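Enquirer:
In UniProt numbering, the protein residues as written are 1 to 697.
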């Protein structure tokens, strides 16, 4: 036996020819012969059967104008004169010839009535093939040629040939490819969309491909194991997410959509469905407060941990954990968002609120730089709380705790690029809260909730996301993650990024120009073991061929292939099935505006950016005596001196701007802001220089 090629085949057999296609052709010819015999034996009349050889022979000879000898069939054996036989002279039956041969034909009643008792072959006579063929065609075969007589048999044979070749040719093509490029023994397999559907038999979320013209579907049981879409900006991630959202809408499921560019809200927002917009700068945003999310005091720590996360994976735990601990303590007192912002902006208030607890040591006045760092870190989130609408600015109230039970409508967490950095802590907190509330298994009658997070790297670290990806399968709430590259997530999540990216069962990889990311995608798709047959030919005294078998492990898709993908082209990996597909642009109507500006004091500028002049004069609220004495209107404030127009020195808190303006026909006016939610204090400059402050005395 020759050297084994693979597991069962030798290097000698099968040969390098389309052996299966040849077999199919030979088998089809055999079947055609059977069909022709069947037609000849059971469908033709007795005289047609008898003359078939002469008919074919004369037809061939007529092409060359030949003259050949033939023996024709005669009637005789009676008193009548012998004559040529005609089709009407025979019927089905049996006749025993004088030599004892039995033929399947008998004389008709007409022939017997004419006095004939038998039929026989006459002596050989020479005829012109063309004339004889015409006579047989018109007299015996009803003006039908040989092909017309057996056309049904040929059609049946052709159908058999087509059927067998449709099975044999693809097999031979695959076999030749295996011989040329190697045979995959183990590892993932690259499929077309049609082959993927046939392999997976999916009945869940699908992606419409250009090649297939219909959905390439994922099994419904795999949906809860999450989706991952990775690729550069502009390659089509948003289009795939829109395909998913459209199917979620058709099902009637709920969705939580992080929409950092206000793209999805324009196409999928439905007010009648009860959709919610979470963006404090949007007039559709309902009233919300972090204290309303608490079902127990212990949950304050989880809320605080979501807010105070490092921007990178760098180890700086003290200045994130300590502010989070203080924030959780403040949250347990049930403040509104604006109260929280005011507390975090006033160091004396904070000292009073944490007095008697271990947290008082963190902001002790003797702590110096530690106190400054903790207060500065604590105040980082105060700005986004100030932007939230209060109860007088909206008639809606929302919290994740109640929504998770009712699951009514969709939630759109939106932003625009200029405000994205400011709203980042708030967005991250909302997503983390919703993830935490939806980790439990759904109750009977509750519909699934889809988490669709586009541009995951634009959020700060989400403590609950890792838990959701690894444990959320039992809650049957699928997560769809969209991001540009692995390195983006590694900056935020560190080594946990590898674990998070390995969890989604359905991975879609698109073009990425980052070489390391492309190589990582190649590794994620997987490697295959390939067996190649090498043939060596040599001449000389011992001419012949030499065959060797070589096995190698190679990537199924190279990193350079990922980097060279066109827009709207992707690889989908599910298990060991990898499908390469492309898709068309999905143009959906945009009936809803992406952003509606909410007018608020905190959101409006106090000056005209073109002229730099104040837009309005505001009435001040009197500051507390302690604030005036200490100048402590904001965390870490310290007093500095400012030279006025008349040359005198004015003390003010650092970081708080003041304005000196000249009123027409009047004294100089100093406009002193106060506090994080300050109103301007307008004071005549001469009164300020003499120590007179009408807002205090």
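Every residue, glycine too, gets a C-beta built ideally from N, C-alpha and C.
Just so it is clear, the structure is predicted and the values come from calculations on it, not from any experiment.
#1: Apart from the five residues just before and just after residue 504, which ones in its own chain have a Cβ nearer than 8 Å to its Cβ?
#2: Since residue 700 sits in a beta bridge, which residues does DSSP pair it with?
#3: Can you tell which of 62, 159, 106, 83 has its C-alpha closest to the C-alpha of residue 29?
#4: Identify the continuous alpha helix (DSSP H) that holds residue 150 and give its terminal residues.
#5: Determine whether the beta carbon atoms of residue 434 and residue 506 lie at a separation below 7 Å.
#6: Where in the segment 193 to 242 do unbroken runs of the beta strand (DSSP E), each at least 3 residues long, occur, reported from the N-terminal end onward?
#7: Let me know if residue 426 comes out buried or exposed under the rule of 16 or more other beta-carbons within 10 Å of its beta-carbon.
#8: Can you check whether the CB of residue 555 is closer than 7 Å to the CB of residue 516?
#9: Pop quiz: residue 383 and residue 422 are said to be a contact at Cβ under 8 Å. What is the actual Cβ separation, rounded to whole angstroms?
#10: In chain order, which beta strand (DSSP E) runs of at least 3 residues are fully inside the segment 551 to 615?
#11: Going by Cα to Cα distance, which pick from 143, 67, 396, 599 is closest to residue 274?
#12: Just list the residues that DSSP pairs residue 125 with in beta bridges.
#13: Given residue 106, which residues of its chain have a CB within under 6 Å of its CB, disregarding the five upstream and five downstream residues?
#14: So is residue 331 buried or exposed if we call it buried at 16+ other beta carbons inside 10 Å?
#15: How would you write the range of the beta strand (DSSP E) that residue 186 sits in, first residue to last?
#16: Alpha carbon to alpha carbon, what distance is there between residue 413 and residue 215?
#17: Quick one: grab the DSSP three-state call for residue 18.
#18: Let me make sure I understand the geometry here. Which of 241, 264, 171, 189 has the alpha-carbon closest to that of residue 20?
#19: Please classify residue 27: does DSSP put it in a helix, a strand, or coil?
#20: Cα separation between residue 415 and residue 266?
#21: What residues in its chain sit with their C-beta under 6 Å from that of residue 32, if we drop five residues either side in the sequence?
#22: Please classify residue 320: is it buried, with 16 or more other beta-carbons within 10 angstroms of its beta-carbon, or exposed?
#23: Please determine if the segment 351 to 361 and the segment 297 to 312 are in contact, where contact requires at least 3 C-beta pairs separated by less than 8 Å.
#24: Within 10 angstroms of the Cβ of residue 177, are there 16 or more other Cβ atoms? Answer buried if so, exposed if not.
#25: Can you tell which of 191, 207, 184 has its C-alpha closest to the C-alpha of residue 585?
#26: Tell me which residues share the same chain as residue 448 and place their Cβ nearer than 6 Å to its Cβ, disregarding the 5 neighbours each side in the sequence.
#27: Alpha carbon to alpha carbon, how far is residue 204 from residue 514?
#28: Could you spell out where the alpha helix (DSSP H) holding residue 450 opens and where it closes?
#29: Taking C-beta to C-beta, are residue 583 and residue 568 nearer than 7 Å?
#30: Helix, strand or coil for residue 505, going by three-state DSSP, please let me know.
#31: Mind reading off the beta-carbon distance from residue 578 to residue 189? Whole number of angstroms is fine, and I expect it under 8 Å.
#32: Is the beta carbon of residue 456 closer than 7 Å to that of residue 483?
#33: Can you tell which of 212, 418, 184 has the C-alpha that lies nearest to the C-alpha of residue 192?
#34: So what does DSSP say about residue 144, is it helix, strand or coil?
#35: Measuring CB to CB, does residue 150 end up less than 7 Å from residue 34?
#36: What is the rounded straight-line gap between the Cα of residue 108 and the Cα of residue 164?
Expert: The short version:
#1: As a first step, residue 504 must be located in the chain shown, where it is residue number 504. Closer than 8 Å at the Cβ level, and outside the excluded window around residue 504, lie 225, 226, 227, 228, 469, 479, 481.
#2: Since the first residue shown for the chain is 1 and the last is 697, residue 700 is missing from the structure and cannot be characterised.
#3: One-based indexing of the chain shown puts residue 29 at position 29. The candidate whose alpha carbon is nearest that of residue 29 is 159.
#4: Residue numbering aside, residue 150 sits at position 150 when the chain shown is read from its first letter. Careful: residue 150 lies outside any alpha helix (DSSP H) and carries neither H nor E.
#5: Position 434 of the chain shown, counted from the start, is the residue given in the question as residue 434. Position 506 of the chain shown, counted from the start, is the residue given in the question as residue 506. Their beta carbons are not under 7 Å apart, which means residue 434 does not touch residue 506 by this criterion.
#6: 206 to 208, 215 to 217, 227 to 230
#7: On the chain shown, position 426 is the one that residue 426 refers to. Result: buried.
#8: As a position in the chain shown, residue 516 is number 516, starting the count at 1. As a position in the chain shown, residue 555 is number 555, starting the count at 1. Cβ atoms of residue 516 and residue 555: not closer than 7 Å.
#9: Here residue 383 is taken as the residue at index 383 of the chain shown, counted from 1. Here residue 422 is taken as the residue at index 422 of the chain shown, counted from 1. Contact flag correct, Cβ pair sits at about 6 Å.
#10: 569 to 574, 577 to 582
#11: Numbered from 1 along the chain shown, position 274 holds the residue referred to as residue 274. Comparing Cα positions, the closest option is 396.
#12: For the purposes of this step, residue 125 is taken as residue 125 along the chain shown, with counting starting at 1. Partner(s): 70.
#13: To locate residue 106, count along the chain shown from 1; it is residue 106. So the qualifying residues of the chain are 91, 93, 95.
#14: The residue labelled residue 331 in the question sits at position 331 within the chain shown. It is buried - the Cβ of residue 331 has at least 16 other Cβ atoms within 10 Å.
#15: Taking the chain shown and counting its residues from 1, one reaches residue 186 at position 186. 183 to 186 is the extent of the beta strand (DSSP E) around residue 186.
#16: Here the question's residue 215 lines up with position 215 in the chain shown. Here the question's residue 413 lines up with position 413 in the chain shown. The straight-line gap from Cα to Cα measures roughly 29 Å.
#17: Mapped onto the chain shown, residue 18 falls at position 18. Residue 18 falls in the coil class under three-state DSSP.
#18: Position 20 of the chain shown holds residue 20. That would be 171, whose Cα lies nearest to the Cα of residue 20.
#19: Here the question's residue 27 lines up with position 27 in the chain shown. Three-state DSSP puts residue 27 in a helix.
#20: For this step, residue 415 is matched to residue 415 along the chain shown. For this step, residue 266 is matched to residue 266 along the chain shown. Distance between the alpha carbons of residue 415 and residue 266: 13 Å.
#21: By 1-based counting over the chain shown, the position of residue 32 is 32. Cβ neighbours of residue 32 beyond the five flanking positions: 157.
#22: Stepping through the chain shown from its first residue, residue 320 is reached at position 320. Under this definition residue 320 is a buried residue.
#23: no
#24: One-based indexing of the chain shown puts residue 177 at position 177. Exposed is the call here.
#25: Along the chain shown, read from residue 1 onward, the residue named residue 585 stands at position 585. Closest option to residue 585, Cα to Cα, is 207.
#26: Within the chain shown, the letter at position 448 stands for residue 448. Correct list, in chain order: 253, 476, 477.
#27: Stepping through the chain shown from its first residue, residue 204 is reached at position 204. Stepping through the chain shown from its first residue, residue 514 is reached at position 514. Put simply, the backbone Cα of residue 204 is about 32 Å away from that of residue 514.
#28: Here the question's residue 450 lines up with position 450 in the chain shown. Going by DSSP, residue 450 is part of no alpha helix (DSSP H) but of the beta strand (DSSP E) stretching over 449 to 453.
#29: For this step, residue 583 is matched to residue 583 along the chain shown. For this step, residue 568 is matched to residue 568 along the chain shown. Yes, the Cβ-Cβ distance between residue 583 and residue 568 is below 7 Å.
#30: Here residue 505 is taken as the residue at index 505 of the chain shown, counted from 1. Three-state DSSP puts residue 505 in coil, outside helix and strand.
#31: Translated into the one-based positions of the chain shown, residue 578 becomes position 578. Translated into the one-based positions of the chain shown, residue 189 becomes position 189. Their Cβ separation, rounded to whole angstroms, is 7 Å, which keeps residue 578 and residue 189 in contact under 8 Å.
#32: What you label residue 483 is simply residue 483 of the chain shown in a count that begins at 1. What you label residue 456 is simply residue 456 of the chain shown in a count that begins at 1. Yes.
#33: Here residue 192 refers to the residue found at position 192 of the chain shown. Checking every option, the nearest Cα to that of residue 192 belongs to 212.
#34: Numbered from its first residue, the chain shown carries residue 144 at position 144. Here DSSP, grouped into helix, strand and coil, assigns residue 144 to coil.
#35: Here residue 150 is taken as the residue at index 150 of the chain shown, counted from 1. Here residue 34 is taken as the residue at index 34 of the chain shown, counted from 1. Not closer than 7 Å, so no.
#36: Sequence index remark: in the chain shown, residue 108 carries index 108 (1-based). Sequence index remark: in the chain shown, residue 164 carries index 164 (1-based). C-alpha of residue 108 to C-alpha of residue 164: approximately 45 Å in a straight line.
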